[in-house]
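Residue numbers (my numbering): 3 to 87.
Just so you know, even glycine gets a beta-carbon here, dropped at the ideal spot from N, CA and C.
Only one structure is covered here, and it is reproduced in the block below.
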Amino acid sequence: MKRTILLLTIFTIVSTSFAQSAADYYRKAVVKFRSGDYAGAAVEYTRALDVDASSAVLYNNRGVCYYRIERYSDALNDYNQAVLI
């Protein structure tokens, strides 16, 4: 029993130490956006949204990325989602 608890504790610590937050992905997205890598920034914003889908800022910023890479339909969807939030 003690061994099981120990293993579960270790697993929890290890798994959470590798998990990234929405803020981590956001920072990566900003760096990519500023360097002109709009597709890469969109990927990072998507990862951030996978963690926190309640952020209007993330949807708006990903919409800007999509607009810059001429994915207008996706951009419009993200802008609409940002407004709904």
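Mark residue i as exposed unless 16 or more other C-beta atoms lie within 10 angstroms of its C-beta, in which case mark it buried.
i, result
"R64", "buried"
"E46", "buried"
"A31", "buried"
"S19", "Its pLDDT being 43, under 50, S19 is placed unreliably in this model, and the coordinates cannot settle the point."
Thinking just about the alpha-carbon of each residue, which of the options is nearest to the one in residue i?
i, options, result
"V53", "N82, Y27, V85", "Y27"
"V85", "A31, S23, S56", "S56"
"N82", "V66, G42, A24", "V66"
Within this structure, are the beta carbons of residue i and residue j separated by less than 8 Å?
i, j, result
"D80", "Y61", "yes"
"Y74", "A44", "no"
"I87", "A58", "yes"
Can you name the start and end residues of the alpha helix (DSSP H) that residue i belongs to?
i, result
"S75", "74-86"
"R24", "The sequence given here places Ala at residue 24; Arg does not occur at that position. Note, A24: alpha helix (DSSP H), 24-36."
"A44", "40-53"
"A58", "58-70"
Please check the pair residue i and residue j, which I expect to be a contact at CB under 8 Å, by giving their CB distance rounded to whole angstroms.
i, j, result
"I71", "A41", "5 Å"
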